[in-house]
Each structure stands twice: as structure tokens, then as C-alpha cells.
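Participant: Next up is a structure, given as C-alpha cells.
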Ligand SMILES: Nc1ncnc2c1ncn2[C@@H]1O[C@H](COP(=O)(O)OP(=O)(O)OP(=O)(O)O)[C@@H](O)[C@H]1O
Ligand SMILES: [Mg+2]
């Protein structure tokens, strides 16, 4: 319980929130290029967009941290598989940003704990991590007034979806 409180203080309590009208298309392009630069293997992030783009009022720094975490996981838990995807879906009243991979997936009976601090699933013990990335990602999405949800099938892949009402 202490850990949860500390994490809360480190993140939402102190996270600066500076929303601005953000061009998510340019933002996505930049993220994709950043990952191109840091990837040493030949994996890459595919970028998919759908709908008529418009600017969204949110804090781009918080969103960047959030997506960086999710994309890192997508690569880390899908080594040797099809490339992960970042997608933007512009709907009339909301925008959906998703990060999808075709990797290990998450055991169904453990998915309920996914956003808890220090959670690590039983199929990733060989891969290093602290189990904090997703809990911080969720805090940041909430500071940004969005929602985050995950879908995953063991052995097939995972998809994390962030939704902002617009
Ligand atoms: N894309 C994914 N594919 C499969 N499992 C995932 C994925 N993303 C998260 N997980 C599971 O959720 C757990 C928690 O993820 P989280 O990002 O919080 O921690 P981590 O990756 O283990 O460590 P770190 O704190 O370095 O990010 C992971 O350990 C893994 O079991
Ligand atoms: Mg992680």
C-alpha cells in the first residue's frame, strides 16, 4: 500500500499539466522517427491513421511519456514478431490512440492487474522490467483526462487503447 501511495505522489500529484492544441499527426511522425533512431535491430513501428485529423487539447509531454512506455513494451514483448503498430483514429467526438503488438500477450487471468504498480505477468520472467511503466502510463493518461484500456490474447499479442473525448 505504501508503494501505491508513493507512486501516486511521484506521478499524478506532481505531474505538471500544460495542455495545448496538439497536432497528433506530427506528434506520431516524430515518435515513429525517434524509435527508428534508437532501434538497433530491423524492427520498426508502423504508423496508421484513420479519419479526418484535427488538433486535440492535451499535454503533449505527458502523452509522449505514456506512448513511449507503451511502445517500449510493444517492442520488448514481441521480439522477432511482426512490427508493432501505432494508430490514430479521429472520430467525430473522440480520438483513439492505440499501440498494438503481435507478441507474447498477457495471460487472461492476470490482465486485471495490468495497471497495478510492480505487476509483472508470469510469462515474462526472462525479460527485465520493474512493473512500473504501465501504472505510470495510466496516471499520465488520467492527468490528461483520457482513458486507457488493454486487450490481449496469450501468444497472439496485445493492444493498448487511449481515448480522449474531443
Ligand atoms: N505489450 C505487452 N505484451 C505483453 N505483456 C505486456 C505488454 N505490456 C505490458 N505487459 C505485461 O505487463 C507487465 C507490466 O508492464 P510495465 O510496463 O508496467 O512493466 P515492465 O515492462 O515489466 O517494466 P518497466 O517498469 O521497465 O516498464 C509486464 O511485466 C508484462 O507482464
Ligand atoms: Mg514496461
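Residue numbers (the numbering used here): 351 to 516.
In this text, a Cβ means the ideal position worked out from N, Cα and C, and glycines have one as well.
(1) Let's test the definition: count the other Cβ atoms within 10 Å of the Cβ of residue 391 and tell me whether it reaches 16, buried, or not, exposed.
(2) Terminal residues of the continuous alpha helix (DSSP H) containing residue 450?
(3) How many angstroms separate the CA atom of residue 423 from the CA atom of residue 485?
(4) Measure the C-alpha to C-alpha separation of residue 389 and residue 447 and round it to an integer number of angstroms.
(5) Are the C-beta of residue 513 and some C-beta of chain C separated by less than 8 Å?
(6) Could you tell me whether the stretch 465 to 480 touches the stretch 391 to 403, using the rule of 3 or more Cβ pairs below 8 Å?
(7) In or out: residue 458 buried (at least 16 other Cβ within 10 Å) or exposed?
(8) If distances are taken between C-alpha atoms only, which option among 414, 369, 365 and 366 comes closest to residue 379?
(9) Looking only at C-alpha atoms, which of 434, 430 and 429 sits nearest to residue 417?
(10) What I want to know is whether the C-beta of residue 422 ends up closer than 7 Å to one or more non-hydrogen atoms of ligand 2.
(11) Extract the residue ranges of the beta strand (DSSP E) inside the stretch 427 to 503, only unbroken runs of 3 or more that lie entirely within it.
(12) Terminal residues of the continuous beta strand (DSSP E) containing residue 379?
(13) Looking only at its chain, what residues have a beta carbon closer than 8 Å to the beta carbon of residue 410, apart from the 5 residues adjacent to it on each side?
Facilitator: In brief:
(1) Taking the first residue of the chain shown as 1, we reach residue 391 at position 41. Exposed.
(2) Locating residue 450 in the chain shown gives position 100, counting from the first residue. Not the alpha helix (DSSP H): residue 450 falls in the beta strand (DSSP E), residues 444 to 451.
(3) Here residue 423 is taken as the residue at index 73 of the chain shown, counted from 1. Here residue 485 is taken as the residue at index 135 of the chain shown, counted from 1. Computed Cα separation, rounded: 13 Å.
(4) Residue 389 sits at position 39 when you count from the first residue of the chain shown. Residue 447 sits at position 97 when you count from the first residue of the chain shown. Answer to the nearest angstrom: the Cα atoms are 22 Å apart.
(5) Absent here is chain C; the protein component of the structure consists of one chain.
(6) no
(7) Walking along the chain shown from the start, residue 458 turns up at place 108. Classification of residue 458: exposed, given that the 10 Å Cβ count is below 16.
(8) Taking the chain shown and counting its residues from 1, the one referred to as residue 379 is at position 29. Considering only alpha carbons, the answer is 414.
(9) As a position in the chain shown, residue 417 is number 67, starting the count at 1. Of the listed residues, the one whose Cα sits closest to residue 417 is 434.
(10) On the chain shown, residue 422 is found 72 positions in, with the first residue counted as 1. Answer for residue 422: yes, Cβ within range of ligand 2.
(11) 435 to 440, 444 to 451 and 497 to 503
(12) Stepping through the chain shown from its first residue, residue 379 is reached at position 29. Where residue 379 is concerned, there is no enclosing beta strand (DSSP E), although the alpha helix (DSSP H) it sits in stretches over 374 to 388.
(13) Indexing the chain shown from 1 puts residue 410 at position 60. 370, 372 and 377, listed in sequence order.
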